[in-house]
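Engineer:
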Ligand SMILES: NC(=O)c1ccc[n+]([C@@H]2O[C@H](COP(=O)([O-])OP(=O)(O)OC[C@H]3O[C@@H](n4cnc5c(N)ncnc54)[C@H](OP(=O)(O)O)[C@@H]3O)[C@@H](O)[C@H]2O)c1
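Below you can see the structure in the form of structure tokens.
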């Protein structure tokens, strides 16, 4: 039996084992996917230990997505954005499938970002992946962030890939009616965090709303967007499609998105 897994800290609420194990069963693949809690100071030993133990593939989550670059060789978009969420362990090769996951979630919802104005709230790993993906697809990206210096830095980095500017978090109301796609890439709205909107209510109008938060699925932002008749894109779909893409790296074909989505939703319900 082959072994795969996810490393993060903390990790106990991850729904990735449920998603991948359900898809393994569905495909008849003799493999198991486990969640490994890895403290930051142990990351090197976890990566090299995984290879020594014959673990085939790893997903990587908070807080290791950037620090793992010391131990794996980033390829493709992972090199460009400096963040890895999937590792082909034998080759110690790092990939970023978050970008694909977010772009595919938009595509599946019928949203083509080309020529659109997209506002991304946040400047962490998720925001960075989405900002690069959208800029490469010829959207105009506006980054906003609570800590202005981080937001400005991200906008500067993304500008190499396409159109990107920073807009102050305290002046978001100025963007009312000027944005086509609104993306929350902060934990605001996540279970255990502040259950509130990450943006002023007034800008949630005539806009596609993509909330990367997936627990709960119906965040305060998604609920308001639905009430106002906006098209919504769920964080769970980004999660599913980054997993689907990880299978292409590990197995050469996509995991079954429907099976993974059902398993993720079931696992989320069990966490409540
Ligand atoms: N669906 C998926 O597959 C997927 C994948 C990855 C992440 N996510 C979601 O994206 C979220 C962010 O992940 P990440 O990896 O980018 O985290 P991160 O690197 O820690 O970044 C967090 C961002 O959120 C901002 N933030 C945190 N608390 C805030 C608050 N109370 N008000 C306003 N802004 C706040 C931070 O602003 P400062 O710079 O001011 O601290 C920072 O920009 C996660 O919580 C998760 O829900 C989803």
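In this note's numbering, the protein residues as written are 9 to 280. Every residue gets a Cβ at the ideal spot worked out from N, C-alpha and C, and that includes glycine. This one's a predicted model, so the numbers in the text were calculated from it and none came from an experiment.
Within its chain, find whatever has a CB closer than 7 Å to the CB of residue 203; leave out the 5 residues flanking it on each side and keep chain order.
Structural biologist: Taking the first residue of the chain shown as position 1, residue 203 is located at position 195. Only 197 and 228 meet the Cβ criterion.
Engineer: Do the segment 87 to 105 and the segment 116 to 126 make contact, defined as three or more Cβ pairs closer than 8 Å?
Structural biologist: These segments do not touch.
Engineer: Compare the beta carbon distance of residue 74 and residue 90 with 8 Å and say whether it is the shorter of the two.
Structural biologist: What you label residue 74 is simply residue 66 of the chain shown in a count that begins at 1. What you label residue 90 is simply residue 82 of the chain shown in a count that begins at 1. For residue 74 and residue 90, yes; Cβs fall inside 8 Å.
Engineer: Hey, which unbroken runs of the alpha helix (DSSP H) at 4 residues or more fall wholly within the segment 115 to 174?
Structural biologist: Counting whole runs of 4 or more residues, the segment 115 to 174 contains the alpha helix (DSSP H) stretches 133 to 144 and 156 to 166.
Engineer: Pick helix, strand or coil for residue 206, following the three-state DSSP scheme.
Structural biologist: Taking the chain shown and counting its residues from 1, the one referred to as residue 206 is at position 198. In the structure shown, residue 206 sits in coil (DSSP, three-state: anything other than H, G, I, E or B).
Engineer: Run through the segment 81 to 110 for me and flag every whole alpha helix (DSSP H) of 4 or more residues, listed as ranges in chain order.
Structural biologist: List check, alpha helix (DSSP H) in window: 85 to 89.
Engineer: Suppose the cutoff is 7 Å on Cβ atoms and the five residues either side in sequence are ignored; what does the same chain contact list for residue 105 look like?
Structural biologist: For the purposes of this step, residue 105 is identified with residue 97 of the chain shown, where counting begins at 1. Same-chain partners within the cutoff: 93, 94, 250, 253 and 254.
Engineer: Measuring from the CB of residue 206, is there a heavy atom of ligand 1 at a distance below 7 Å?
Structural biologist: Translated into positions along the chain shown, residue 206 becomes position 198. Checking the Cβ of residue 206 against ligand 1 gives yes.
Engineer: With a 10 Å radius around its C-beta and 16 neighbouring C-beta atoms as the bar for buried, classify residue 261 as buried or exposed.
Structural biologist: The residue given as residue 261 occupies position 253 in the chain shown. The residue is exposed, with fewer than 16 neighbouring Cβ atoms inside 10 Å.
Engineer: Should residue 112 be labelled buried (16 or more other beta-carbon atoms within 10 Å of its own) or exposed?
Structural biologist: By one-based count along the chain shown, residue 112 stands at place 104. Counting Cβ neighbours within 10 Å, residue 112 comes out buried, since at least 16 surround it.
Engineer: If you draw a straight line from the alpha carbon of residue 13 to that of residue 181, how long is it in whole angstroms?
Structural biologist: Taking the chain shown and counting its residues from 1, one reaches residue 13 at position 5. Taking the chain shown and counting its residues from 1, one reaches residue 181 at position 173. Spanning the two alpha carbons is a distance of roughly 42 Å.
Engineer: Would you call residue 157 buried or exposed, if buried means 16 or more other Cβ atoms sit within 10 Å of its Cβ?
Structural biologist: Here the question's residue 157 lines up with position 149 in the chain shown. Residue 157 comes out exposed.
Engineer: With which residues is residue 66 paired in a DSSP beta bridge?
Structural biologist: Residue 66 sits at position 58 when you count from the first residue of the chain shown. Answer by DSSP bridge pairing, in chain order: 13 and 95.
Engineer: Can you give the Cα-Cα distance for residue 39 and residue 268, rounded to whole angstroms?
Structural biologist: Stepping through the chain shown from its first residue, residue 39 is reached at position 31. Stepping through the chain shown from its first residue, residue 268 is reached at position 260. Rounded to the nearest angstrom, the two C-alpha atoms are 15 Å apart.
Engineer: Could you tell me which residues DSSP pairs with residue 39 in its beta bridges?
Structural biologist: For the purposes of this step, residue 39 is taken as residue 31 along the chain shown, with counting starting at 1. In the DSSP output, where bridge partners are listed per residue, residue 39 has 10.
Engineer: Sorry if obvious, but does the Cβ on residue 193 come closer than 7 Å to a heavy atom of ligand 1?
Structural biologist: Within the chain shown, numbered from 1, the residue matching residue 193 stands at position 185. Because some heavy atom of ligand 1 lies under 7 Å away, the Cβ of residue 193 counts as near it: yes.
Engineer: Ordered along the chain, which non-local residues of its own chain (more than five positions away) have a Cβ less than 7 Å from that of residue 77?
Structural biologist: By one-based count along the chain shown, residue 77 stands at place 69. The answer, listed in chain order, is 90, 92 and 102.
Engineer: Please classify residue 32: is it buried, with 16 or more other beta-carbons within 10 angstroms of its beta-carbon, or exposed?
Structural biologist: As a working mapping, residue 32 is identified with position 24 in the chain shown. Residue 32 comes out buried.
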